[in-house]
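In short: position in the sequence shown from 1, add 167, done, that's the numbering used here.
Glycine included, C-beta positions come from ideal geometry on N, C-alpha and C.
All values reported here derive from a predicted model rather than from experimental measurement.
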Amino acid sequence: MRCFIALELSDEVKQKAAALSSEARKLDLQANFVNPEQQHITLVFLGELPDADAAKKLEAFKSLEGKLPPSFKLKFSGTGFFPNENFIKVFWVGCEAKGLQALQKTVAQALGTQEERDFNAHLTVCRIKGRTNLEALKALQRKHATTEFGSCYAEKICFKKSTLGPTGPVYEDLAALELKSL
Numbered sequence: 168m169r170c171f172i173a174l175e176l177s178d179e180v181k182q183k184a185a186a187l188s189s190e191a192r193k194l195d196l197q198a199n200f201v202n203p204e205q206q207h208i209t210l211v212f213l214g215e216l217p218d219a220d221a222a223k224k225l226e227a228f229k230s231l232e233g234k235l236p237p238s239f240k241l242k243f244s245g246t247g248f249f250p251n252e253n254f255i256k257v258f259w260v261g262c263e264a265k266g267l268q269a270l271q272k273t274v275a276q277a278l279g280t281q282e283e284r285d286f287n288a289h290l291t292v293c294r295i296k297g298r299t300n301l302e303a304l305k306a307l308q309r310k311h312a313t314t315e316f317g318s319c320y321a322e323k324i325c326f327k328k329s330t331l332g333p334t335g336p337v338y339e340d341l342a343a344l345e346l347k348s349l
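So this is what it looks like as structure tokens:
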């Protein structure tokens, strides 16, 4: 079972990310685009797990109930690339939030996971699969380098199952936990 832990976002932020995605789609890129309705911030990616291991991680996730920090504000602005402009694999929208690093660390520790790289909060617009029209994508990134994509409060995290299909992944929430109200 392919699993991850996600922070849910407001419809406003998803709509603004969808507008950027629509612009990028017009560039005829060789890319897989994230369905705007499924936008989220990945806190911990667990990957493909045997069902028994996924069940253990799910129970560890549920053990966080009542132990999560208070809700905090997320601000989305700017765009960029992973790993960098010279070798583009991911086009993203940036996210700033005091408290997000601590939330991610709390969840990762509860699940007994260690990320291979530093946590860098973002919304993935698309994953690049080929080298076609990347100069146009770079121009789009520069155009939106300081664009504001809205804000919302971190209110809920979900343990998600991801099933890869012909039109992209389909997500199913296996459990959800609320952050404490302010």
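Where Leu307 is concerned, there is no enclosing beta strand (DSSP E), although the alpha helix (DSSP H) around it starts and stops at 301-310. When Lys310, Lys323, Arg169, Pro203 are compared, the shortest CA-CA separation from Glu179 is found for Pro203.
Per DSSP, Arg298 is not a residue of any beta strand (DSSP E), being assigned neither H nor E.
In the displayed model, Glu179 falls within a helix according to three-state DSSP. In this chain, the alpha helix (DSSP H) harbouring Lys224 covers 218-229. Secondary structure in the stretch 248-289: the alpha helix (DSSP H) runs of 4 residues or longer, each lying completely within the stretch, are 267-278 in chain order. Per DSSP, reduced to three states, the secondary structure at Leu235 is coil, with no helix or strand assignment. Pairing Gln182 with Lys193, the inter-Cα distance amounts to about 17 Å.
Shortest Cα-Cα distance from Ala264 to any of Ala288, Asn251, Phe258 involves Ala288. According to DSSP, Gly332 shares a beta bridge with Gly335. If you draw a straight line from the Cα of Ala186 to the Cα of Leu176, it is about 16 Å long.
The C-beta of Ser189 has fewer than 16 other C-beta atoms within 10 Å across all chains shown, which makes the residue exposed. With the rule of 3 Cβ pairs closer than 8 Å, the stretch 323-340 counts as touching the stretch 197-211. Assignment of beta-bridge partners to Val211 by DSSP yields Ile172.
The three-state secondary structure of Ser318, taken from DSSP, is strand. Taking C-beta atoms under 8 Å as the contact rule, Gln197 and Gly279 fail to qualify, at a distance of about 37 Å. Ala173 and Glu282 have their C-alpha atoms some 14 Å from each other.
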